[in-house]
Amino acid sequence: MSRTVLITGATGTVSTALMNALEGADVDLRALVREESRTDVLRKQGVEIFVGDLDDARSLPPAFEGVQDVWLLTPNGPRAPENNMNAVWAARRARVERIVRLSAVGAAHDAPNRSGRLHALSDQETEQSGMRWTILRPLWFMQNLLNEAGDISATGTFSLNMASARLSMIDVRDIAECAARVLLDDPDRHHGKTYTLTGPRSVTFGEVADQLSLDLGRSIAYLPVSDDAKRKTLLGYGVLEWIVDMLEEYAQAYASGWGDFTTDTVADLLGHPPRDIADFVRDHATAFTSAAED
Ligand SMILES: NC(=O)c1ccc[n+]([C@@H]2O[C@H](COP(=O)([O-])OP(=O)(O)OC[C@H]3O[C@@H](n4cnc5c(N)ncnc54)[C@H](OP(=O)(O)O)[C@@H]3O)[C@@H](O)[C@H]2O)c1
């Protein structure tokens with residue numbers, strides 16, 4: 131009999147890629163969404179929809195009933211541990227067998243960023259939940275570069291407060307394929323494992339700009355900016371102050387070399403190396419050329 135997998139964060143970047151990676155697999159997919167109106171695409175993919183909110187424990191039980199596996203993704207924010215707690219509690223009560231949780235690189239009680247420290251709390255809770263568990267800790271997403279697509283398209287430049295950071299950024303499609311591999315394997319196979327997922331090599335944002343220049347056929351430059359300048363820009367876009375603080379803590383950590391390492395985990399799980407920044411840029415070239423017209 132097919133296993134039923136509940137996907138949280140179902141309208142977001144990673145979970146969307148995960149559902150694509152699971153397309154055609156012998157599993158029944160269920161999505162937890164906050165708004166029914168955002169589910170047309172999911173329904174067309176044959177995904178069963180449950181409305182619920184990780185902020186509201188009472189909204190969750192129906193979505194977890196009859197589920198064997200939960201893909202647990204908590205959004206960034208101060209309530210992330212509460213969101214994880216609500217999901218883990220609903221899963222326990224529904225006798226879910228396995229949780230596969232998205233955490234973040236370097237999650238630890240002494241991580242230099244609040245997101246890493248909050249993820250550590252939820253990782254620990256998941257490990258002690260009594261269910262089978264696997265935790266994925268990816269490094270910085272290549273897809274974060276799509277936030278810069280408007281500037282790149284309009285001005286040929288992008289500005290980050292990452293100085294000359296060198297980091298082994300990872301394509302979200304590889305994170306999704308690793309999550310799919312874990313979910314499709316026997317529940318015992320990856321139980322108790324924490325996988326740190328990176329791209330194939332560390333690159334600077336100057337090298338990312340060179341790759342963009344090559345693929346887009348025009349000169350693209352990376353402009354390092356101060357924390358204050360980036361903060362002003364993000365607040366101007368309406369990004370919440372808590373998130374701006376979190377991003378600044380990550381930028382400072384990465385600028386100090388925190389993300390300059392690679393692991394073989396993606397290759398070990400998938401049997402092939404993770405996508406390179408060159409693959410990401412080639413596959414998203416249109417986004418970097420058309421964003422200004424949107
Ligand atoms: N970006 C990075 O470089 C990076 C690196 C490592 C780890 N991570 C981790 O990745 C996670 C974010 O993943 P993502 O980029 O795929 O997220 P995303 O694109 O921002 O999507 C967030 C998802 O969570 C849902 N959501 C928000 N609040 C919710 C609530 N109260 N109840 C239920 N669902 C809720 C959103 O639904 P709506 O459509 O309703 O808003 C959306 O589906 C975070 O845990 C972050 O720490 C990120």
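Residue numbers for the sequence shown follow my numbering, so the first one is 131 and each next one is one higher. Beta carbons: idealized from backbone N, C-alpha and C, even for Gly. In this text, all values refer to a predicted model and were calculated from it rather than measured experimentally.
Specify the secondary structure class of T146 as computed by DSSP and reduced to three states. Taking the first residue of the sequence shown as 1, we reach residue 146 at position 16. T146: helix per DSSP, three-state reduction.
Ignore the nearest five residues each way along the sequence and tell me which others in P192's own chain have a CB closer than 8 Å to its CB. Counted from its first residue, the sequence shown places residue 192 at position 62. The answer, listed in chain order, is F180, G182.
Is it buried or exposed for K323, if we count other Cβ within 10 angstroms and need 16 for buried? Against the sequence shown, residue 323 aligns to sequence position 193. Counting other Cβ atoms within 10 Å of its Cβ, K323 stays below 16 and is therefore classed as exposed.
Please identify the residue among E153, W201, A237, L353 whose C-alpha is closest to the C-alpha of A250. Sequence index remark: in the sequence shown, residue 250 carries index 120 (1-based). Considering only alpha carbons, the answer is A237.
On the three-state DSSP scale, how would you describe D424? Along the sequence shown, one-based indexing puts residue 424 at 294. Confidence at D424 is low in this model, with a pLDDT of 48, below 50, so the placement of that residue should be treated as unreliable; the coordinate-derived value is given next. Three-state DSSP puts D424 in coil, outside helix and strand.
Taking 8 Å as the cut-off, decide whether the C-beta atoms of L327 and D304 are in contact. Locating residue 327 in the sequence shown gives position 197, counting from the first residue. Locating residue 304 in the sequence shown gives position 174, counting from the first residue. In contact: L327 and D304 (Cβ atoms closer than 8 Å).
Can you say whether E165 is buried or exposed, counting buried as having 16 or more other CB atoms within 10 angstroms of its CB? Position 35 of the sequence shown, counting from 1, holds the residue named residue 165. By the Cβ neighbour-count rule, E165 is exposed, with fewer than 16 other Cβ atoms within 10 Å of its own.
Paired residues, beta bridge with E227 - DSSP: The residue you call residue 227 lines up with position 97 of the sequence shown. None; E227 has no bridge partner.
What number of angstroms, rounded off, separates the C-alpha of D340 from the C-alpha of S259? Position 210 of the sequence shown, counting from 1, holds the residue named residue 340. Position 129 of the sequence shown, counting from 1, holds the residue named residue 259. Their backbone Cα atoms lie some 46 Å apart in a straight line.
Which ranges does the alpha helix (DSSP H) cover as unbroken runs of at least 4 residues, wholly within the segment 357-385, from first to last along the chain? 357-366, 371-385
Is there a C-beta anywhere in chain C that falls below 8 Å from the one on E278? You won't find chain C in this structure, because it holds only one protein chain.
Please classify F271: does DSSP put it in a helix, a strand, or coil? Counting from one through the sequence shown, the residue named residue 271 turns up at place 141. Strand at F271.
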